[in-house]
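Contents: one structure, followed by commentary.
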Amino acid sequence: MSASSDQRTALYSRIFIAIYTILMTPIGGAILFCVNLRNTGRLKSIPFVMLGAMIFEYFHLQMILHNHTGRTDVIFVPSLIFAFLLSFPVWHLLLRGIPPYKLLPAWVPLIIMAVVWLGIIAYFNI
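Here my numbering is used: the first residue of the sequence shown is 2, the next is one more, and so on.
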């Protein structure tokens, strides 16, 4: 079978979603996960994943805003927890039974991540 006739569904890998979640907050990882849901036709789950990510991120931001100790684990540990949840139990629950898939290229999310981080760095260095 040639690459042009490959009919497999294109998805972001769970490892890429986990890394993106850690570096770009749970909402960033949830967006990539929702792309996977869309590509597999599981559209009914998208609002629940995004709502879960927004609720999680709300409490995450509250932890960050009330962190008067300067501890950085308050920033990264919740993202690690959400990355694990999204990549394993949620993946198994919502993407169960998908046939072998091809990987979506990571360039667009990586470019978005670079632009966001460069903007944040530029903003705080001014």
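Even for Gly, the Cβ is constructed at its ideal location relative to N, Cα and C.
>> Checking 8 Å against the spacing of the C-beta atoms, do residue 129 and residue 108 come in under that value?
In response: For residue 129 there is no data in the structure shown, the boundaries of the chain being 2 and 127.
>> Looking at the secondary structure, which residues open and close the alpha helix (DSSP H) in which residue 78 lies?
In response: 74-86
>> Can you tell me whether residue 107 is helix, strand or coil according to DSSP?
In response: coil
>> Cutting at 6 Å between CB atoms, please list the residues of its own chain near residue 117, excluding the five before and the five after it.
In response: none
> Does the region 84-91 come close enough to the region 26-41 to have 3 or more Cβ pairs within less than 8 Å?
Replying inline: yes
> Is residue 54 buried or exposed, if buried means 16 or more other CB atoms sit within 10 Å of its CB?
Replying inline: buried
>> To the nearest angstrom, how far is the alpha carbon of residue 17 from that of residue 9?
In response: 19 Å
> residue 12 by DSSP, collapsed to three states: which one?
Replying inline: strand
> What did DSSP end up calling residue 97 once you bin it into helix, strand or coil?
Replying inline: coil
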